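Notes follow once the structure below has been shown.
Protein chains: 2
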Amino acid sequence: MYLYLCYSILEVGNKEMKNKEEEQEKVSTEDKIKDAAKRVFQKKGFAATRTRDIAEEAGLNLSLLNYYFRSKEKLFELIVLETIFEFAKSLIIVLNDEDSSIIQKVEIVADRYIDFIKTQPDLPIFILSESRFNIGKVMENLPIKEFLSNSVLVRQLKEKAQRGEMREVNYVHFIMNVMGLIIFPFIAQPIIMGGTSMSSEEFIKMMEERKVLIPIWVEAMFKANKLQ
Amino acid sequence: MYLYLCYSILEVGNKEMKNKEEEQEKVSTEDKIKDAAKRVFQKKGFAATRTRDIAEEAGLNLSLLNYYFRSKEKLFELIVLETIFEFAKSLIIVLNDEDSSIIQKVEIVADRYIDFIKTQPDLPIFILSESRFNIGKVMENLPIKEFLSNSVLVRQLKEKAQRGEMREVNYVHFIMNVMGLIIFPFIAQPIIMGGTSMSSEEFIKMMEERKVLIPIWVEAMFKANKLQ
DNA sequence: ATTTGATTAAATCATTTGTTTAATTTAAAA
DNA sequence: TTTTAAATTAAACAAATGATTTAATCAAAT
């Protein structure tokens, strides 16, 4: 199940090629429901979402939700899983790239995720808030720990520490810092905008600035760790 | 209304003194309900919370919720407001302290908030996730922008920039960075712990490390801004 | 003694919500 | 074309839920 998901999400782009001529835009009802469910769940969360909202969003009959997915819970779990994979996809690839330095990885991740979340601003808070209740079991079945500790990035961090270019700290600090610098502003966006009477355009502009600033900051944090 | 809340929350400690002798632990039912509501709302969010949950948590009759607070919505808005104030309280005081440097402020804030959130881990995600729907109007009525731009901290940041010790960037970046470095790990805690098979004790230990590390990192980020 | 307010249990009401059932349509297989 | 299985729909169900009310009880203040 999980492996299938990994596979189906990580492989990209061949669906469109196949369909390009004969079946234009023929989306299965199952996918229509999933897409609608993803939008509504991400926007309102599990508890505030009614199955009727999803059916309406999909323009389909309510019964079809139970026809294709047994229950609201099952559908939700699937959406959560897919969303996490979709989110982790870029990370997985970048973190294992042999040809980029640590800071280059930060540059790429900052650039991609800021663009990515710009298009789906509800995504981070959805994953993070719903993860308190459900994701526990999901995460346990995913080999994240092994993946991370065997990743190119973590190897690069260890090497950097061995060369004395930074103090050795748990690499989880590094991950939390980078992801926090990228994601936190989006989660706090309503409060930031409400508190500073900032417009959406100004906020986006600020996030564009951060694409450049975050790698600089992270680089500096390495040096701080070294000096101390 | 808001001013009253500010006042009643910012004033501290005289309640306990008054009660110390005669009325031991005499908590009004109104406060019992509010406390219970705060716990349940923060843990489960608005939509997933049933009024019966709150009544049960408070050990009180369901009718009393409507007796003291008109509706679930009213009660929730009150809880949100109080929670935000409770959270912002320390910040307000520290940011306007004339006697501490910027980095000292970061040290104090990191220390206090990490301790604070340790005792109420659901608090940040509660504020941030529920803020998408409701807080809009609440924030508009609060003079946060004026408070911030007139704060000692922002003045100190401007002075530091004028002395050439850092490049002048929007102070909102600074706020987001510091708060993100402190808060984000807590919000991502379920994912971090699930993904790294870290125990609660190890996580707390890591957050204790961050009390020391965050000020060092922030200091370094200033220098990076200067050099660039 | 009377009044006022606080509290409780119980019931009611109107909606909402997830799910199911049975009927109907569609599409593919024979 | 006929048959069969799958897809889709309308309708209904049963449980849950939030708000409100009523009547009764209790405590304290007047």
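Chains as they are written, first to last, in this note's numbering: chain Y, 24 to 251; chain H, 24 to 251.
Every residue gets a Cβ at the ideal spot worked out from N, C-alpha and C, and that includes glycine.
This one's a predicted model, so the numbers in the text were calculated from it and none came from an experiment.
Residue interval of the alpha helix (DSSP H) (run including residue i)
i                 : result
Lys-67 (chain H)  : 52-71
Ala-133 (chain H) : 125-142
Arg-155 (chain Y) : Arg-155 (chain Y) -> no alpha helix (DSSP H), and no H or E assigned at all.
Asn-89 (chain H)  : 86-91
Glu-121 (chain Y) : Element bounds for Glu-121 (chain Y): n/a, residue is neither H nor E.
Ala-81 (chain H)  : 74-81
Met-221 (chain H) : Taken as a continuous stretch (DSSP letters only), Met-221 (chain H) belongs to no alpha helix (DSSP H), as it is neither H nor E.
Neighbour-count burial assignment, residue i, 16 or more Cβ in a 10 Å radius
i                 : result
Gly-68 (chain Y)  : buried
Gln-127 (chain H) : exposed
Lys-57 (chain H)  : buried
Asn-200 (chain Y) : buried
Tyr-90 (chain Y)  : exposed
Ile-227 (chain H) : exposed
Gly-217 (chain Y) : buried
Ile-198 (chain H) : buried
Glu-116 (chain H) : Correcting the residue type first, residue 116 (chain H) is Ile in the shown sequence and not Glu. When all chains shown are included, Ile-116 (chain H) counts as exposed.
Lys-61 (chain H)  : buried
Arg-93 (chain H)  : exposed
Val-132 (chain Y) : buried
Arg-75 (chain H)  : exposed
Gly-203 (chain Y) : buried
Val-50 (chain Y)  : exposed
Pro-147 (chain H) : buried
Pro-166 (chain H) : exposed
Arg-73 (chain H)  : exposed
Ser-154 (chain Y) : buried
Val-235 (chain Y) : exposed
Arg-233 (chain H) : buried
Thr-219 (chain H) : buried
Glu-182 (chain Y) : exposed
Glu-9 (chain H)   : Since the first residue of chain H shown is 24 and the last is 251, residue 9 (chain H) is not available in this structure.
Gln-47 (chain Y)  : Low per-residue confidence applies at Gln-47 (chain Y): pLDDT is 43, beneath 50, and the placement is therefore not dependable, though the value from the model is reported in the following sentence. Counting Cβ neighbours within 10 Å, Gln-47 (chain Y) comes out exposed, since fewer than 16 surround it.
Beta-carbon separation (whole angstroms), residue i vs residue j, contact threshold 8 angstroms
i                 : j                 : result
Ile-102 (chain Y) : Phe-64 (chain Y)  : 5 angstroms
Ile-215 (chain H) : Val-192 (chain Y) : The pair is not a contact, with the Cβ atoms about 15 angstroms apart (cut-off 8 angstroms).
Ala-81 (chain Y)  : Lys-55 (chain Y)  : 5 angstroms
Ala-211 (chain H) : Leu-151 (chain Y) : 6 angstroms
Ala-247 (chain H) : Ala-243 (chain Y) : 3 angstroms
Phe-245 (chain H) : Ile-140 (chain H) : Wrong, their Cβ atoms sit about 25 angstroms apart, outside the cutoff.
Thr-52 (chain Y)  : Leu-87 (chain Y)  : 6 angstroms
Thr-106 (chain Y) : Phe-149 (chain Y) : 7 angstroms
Ile-237 (chain Y) : Phe-207 (chain H) : Between Phe-207 (chain H) and Ile-237 (chain Y) the Cβ distance is about 13 angstroms, and since that is not below 8 angstroms, they are no contact.
Leu-176 (chain Y) : Ile-125 (chain Y) : 7 angstroms
Ser-174 (chain Y) : Leu-118 (chain Y) : 5 angstroms
**Under 9 angstroms (Cβ pairs) to chain Y, residues found in the segment 185-200 of chain H** = Taken in chain order, the members of the segment 185-200 of chain H whose beta-carbon sits within less than 9 angstroms of a beta-carbon on chain Y are Val-192, Asn-193, Val-195, His-196, Ile-198, Met-199 and Asn-200.
**Interface positions of the segment 139-155 of chain Y facing chain H (Cβ-Cβ less than 7 angstroms), listed along the chain** = Ile-148, Leu-151, Ser-152, Ser-154 and Arg-155
**Message:** Please identify, using Cβ separations under 7 angstroms, the residues of the segment 62-93 of chain Y that lie next to chain H, in order along the chain.
**Reply:** Gly-68, Ala-70 and Ala-71
**Request:** Could you pull out every unbroken alpha helix (DSSP H) segment of at least 4 residues lying fully inside the segment 158-199 of chain Y, listed in chain order?
**Result:** 158-163, 167-172 and 175-185
**Message:** So if I threshold CB-CB distances at 8 angstroms, which residues from the segment 222-238 of chain H count as touching chain Y?
**Reply:** Going along the segment 222-238 of chain H in chain order, one finds Met-229, Glu-232, Arg-233 and Leu-236 with a Cβ nearer than 8 angstroms to chain Y.
**Prompt:** What residues in the segment 167-179 of chain Y bring their beta carbon closer than 8 angstroms to a beta carbon of chain H?
**Reply:** Ile-167, Lys-168 and Leu-171
**Prompt:** Taking Cβ-Cβ distances below 7 angstroms as the criterion, which residues of the segment 98-132 of chain Y are in contact with chain H?
**Reply:** none
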